[in-house]
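>
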Amino acid sequence: MRPPPEPVGSRPATGGIRPADDGAALPATVFDPVRLAAVRRTGLLDTGPEEPFDRLSRLAATMLGTPFAFVTIVDDTRSFWKSCIGVDSADPADRQNTVEQSFCQYVIGTDAELIVTDARVDARTRGNPSIELMGVVAWAGFPVRSPAGQVLGTFCAVDTVPRQWSQQDIEVLRTLSHAASGEIALRDALHEAQAAAQRAELVAVQASNLALTLQESLLPPRLPQIPGVQVAARYRRGAGGEDVLGDFYDVFPSTGRSWAAVVGDVSGKGPKAAKTTALARYTLRAAAVLSSVASQNLATLNTALREWYTDDSQYLTAVYATIRVNGAGASVQVSCGGHDPALVRRAEGTVEPVGRHGLILGWLPEPTLHDQRVQLRPGDSLLLYTDGVTEARRPGDGAMFGIERLHRVLADADAESADHLAAAIEHAVFEFSGQRSTDDTAILALRVAT
């Protein structure tokens, strides 16, 4: 790939912060006071590089094969490059250009993504000074948003030659832009939690409410509709805790017209567990754009965990299932990273585990992970769960709910729908533990429609 005529970041941008010569008017939304207040609230302007953002940009550049990738925060005068892979400078003064010179202005103006094959001939961008100043030719980016939905800037990839962005490229950028927005939302929520902790008379109630809000932000707001497959989930926070714990679940589309379902359990609690949960969800979503192999996507998450936490390791367990609807029902591929296997409940009531035990994720560079396939017929169900189910304890004697009891409850449950199945498991665990559990509980049920 040829270098740009003048590589991005090759000259200090501070000397070039000035109106563009072509006189093009900036979108009015750039100057929206509500948006600008949201930008200031992030506290990210004029700050140095940070790994949570740099890792997302690095992942984009690697997966798309572009020389540059950015996370930008845009006020009313400049586009500040919070992360800029391909620009060799840590000085905030060198990591910015004017709004007039940035392509971010178009994203802010339309409140939508911008995909440009060749900026030199595209009517939307051909007058932009960065084509000449920075060698920008191909550009693709999505909005980075505040928790309230304001466009703070962009997550973008840049090439110095014309490029036809593939649908996979676009989906990777979309997913990683959500991850960048999630990192900002997480910081905002943690800042609020810290502020609440300083108000002694309200700390218990407010910290608990904020932890609940933060926990909910790490779970999908709604489950997708999979043609021919019912999906239901249940989640209960452990009792008596103000900290965010690490159980999570997610369901999302994968490549090759398949779907992915995952349940995981992150070690520890509090802000670090919350960040790891967010990393796990968005890494798996990005990996699923390129691969439907369950073990391969868990291996990608393992690599991300080891790269993210180089000084203080963080671990998690997860069970990942790839679902493909077919004429006979659905084909399922399951891989387990240190997690209990999934359970298949056949329509006639028999229960069988699926998924061979693999190593916990984040521990070794190349963990041993396996794939196991199973065919679900109409009326069959798949259950994924965390150890909050099997390790729930009965008051008095401290007996655990256990895997054998789970098998019996699953076999006897009303399995007319995925929702009935998930509710039956939740109810059984809740009653067994005296309606109180110290651990989070995540349950994900999928049922092939009859």
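Counting from 1, one number per residue, gives the positions in the sequence shown under the UniProt record's numbering.
No residue lacks a Cβ here, since even glycine has one placed at the ideal position from N, Cα and C.
Just so it is clear, the structure is predicted and the values come from calculations on it, not from any experiment.
Going straight from the alpha carbon of L369 to that of V334, what length do you get?
Roughly 10 Å separates the two Cα atoms.
> Specify the secondary structure class of Q168 as computed by DSSP and reduced to three states.
Reduced to three states, the DSSP call for Q168 is helix.
> Could you tell me the distance, in whole angstroms, from the CA atom of R222 to the CA atom of A28?
Each residue's alpha carbon lies about 33 Å from the other.
> Within the same chain, show all residues whose beta-carbon is closer than 8 Å to that of D414, passing over the 5 residues directly before and after it, in chain order.
Excluding sequence neighbours, D414 sits near H420, L421 and A424.
> Can you tell me where the alpha helix (DSSP H) with L421 in it begins and where it stops?
Run containing L421: A418 to F432, per the alpha helix (DSSP H) assignment.
> What is the rounded straight-line gap between the Cα of Q172 and the Cα of F252?
One detail in the question is off: residue 172 reads as Val in this sequence, not Gln. About 13 Å.
> Return the bridge partner residues of R324 from the DSSP annotation.
Answer is S331.
> Buried or exposed, going by whether 16 or more other CB atoms sit within 10 Å of the CB of T125?
When all chains shown are included, T125 counts as buried.
> So which of E183, L384 and A61 has the shortest CA-CA distance to T261?
Note that residue 261 corresponds to Ala in the displayed sequence, not to Thr. Per the Cα distances, L384.
> Closest by CA to W148, which one among L36, Q225 and G379?
Looking at the sequence provided, one finds Ala at residue 148 rather than Trp. Selected option, being the one with the closest Cα: L36.
> Could you tell me the distance, in whole angstroms, from the CA atom of T441 to the CA atom of Y249?
Their Cα atoms are separated by approximately 10 Å.
> Sort K272, Q372 and P341 by Cα distance to P52 and report the nearest one.
That would be K272, whose Cα lies nearest to the Cα of P52.
> Taking only the alpha-carbon atoms, compute the straight-line gap between T77 and Q375 and give it to the nearest angstrom.
Rounded to whole angstroms, T77 to Q375 spans 57 Å at the Cα level.
> Between which two residues does the alpha helix (DSSP H) containing P52 stretch?
It spans E51 to L64 - the alpha helix (DSSP H) in which P52 sits, taken as one unbroken run.
> Closer than 8 Å is the cut-off here; do at least three beta carbon pairs connect the region 51–66 with the region 89–103?
Short answer: they don't touch.
> Return yes when the Cβ of G396 is within less than 8 Å of the Cβ of D439, no when it is not.
No, the pair does not count as a contact, with Cβ atoms beyond the cut-off.
> F155 and L186 - do their beta-carbons sit closer together than 8 Å?
Against a cut-off of 8 Å, the Cβ pair of F155 and L186 comes out as no contact.
> Considering Cα atoms alone, identify which of L44, G141 and G43 is closest to F68.
Out of L44, G141 and G43, G141 has the C-alpha closest to the C-alpha of F68.
> Measuring CB to CB, does V137 end up less than 8 Å from D122?
No.
> Name the two residues that bound the continuous alpha helix (DSSP H) containing K275.
P271 to L290 is the extent of the alpha helix (DSSP H) around K275.
> So, using beta-carbon positions, are G355 and L316 closer together than 8 Å?
Cβ distance not < 8 Å, so G355 and L316 don't count as in contact.
> Should A318 and L359 be called a contact, given that it needs their Cβ atoms to be closer than 8 Å?
Cβ atoms of A318 and L359: not closer than 8 Å.
> Could you check whether Q96 and W81 sit closer than 8 Å to each other, using their CB atoms as the reference points?
Yes. Within cutoff.
> Pull up the CB-CB distance for L382 and V351, whole angstroms please, since I reckon it's below 8 Å.
Rounded, the Cβ-Cβ distance is 11 Å, inconsistent with contact.
> Can you tell me where the beta strand (DSSP E) holding V39 begins and where it ends?
No beta strand (DSSP E) contains V39, which is instead part of the alpha helix (DSSP H) from P33 to T42.
> Would you list the one or two residues that DSSP bridges to N97?
The partner list for N97 (beta bridge, DSSP) reads S79.
> Measuring only the C-alpha atoms, how far is L298 from S79?
If I take the Cα positions, the gap works out to 35 Å.
> Work out the CA separation of E431 and residue 477 for me, nearest whole Å.
The requested residue 477 is not part of the displayed model; the chain covers only 1 to 450.
> Here's a check: name, in chain order, each residue in its chain whose Cβ is nearer than 7 Å to the Cβ of P227, leaving out the five neighbours to either side.
Correct list, in chain order: V325.
> Would you say F70 and S83 are within 8 Å of each other, going by their C-beta atoms?
For F70 and S83, yes; Cβs fall inside 8 Å.
> Grouping DSSP H, G and I as helix and E and B as strand, with all else coil, what is L305?
Helix, per DSSP.
> Which same chain residues end up closer than 7 Å to P365 when comparing Cβ atoms and leaving out the 5 residues on each side of it in sequence?
Same-chain partners within the cutoff: R306.
> Along the chain, where does the beta strand (DSSP E) that runs through T72 open and close?
Where T72 is concerned, the enclosing beta strand (DSSP E) stretches over F68 to V74.
> Could you tell me if A157 is buried or exposed, where buried requires 16 or more neighbouring beta carbons within 10 angstroms of its beta carbon?
By the 10 Å Cβ count, A157 comes out buried.
> Taking 8 Å as the threshold (C-beta atoms), are L56 and Q168 in contact?
No, these two residues do not count as a Cβ contact at 8 Å.
> Rounded to a whole number of angstroms, what is the C-alpha to C-alpha distance between L26 and S254?
Near 38 Å, if we compare the C-alpha coordinates of S254 and L26.
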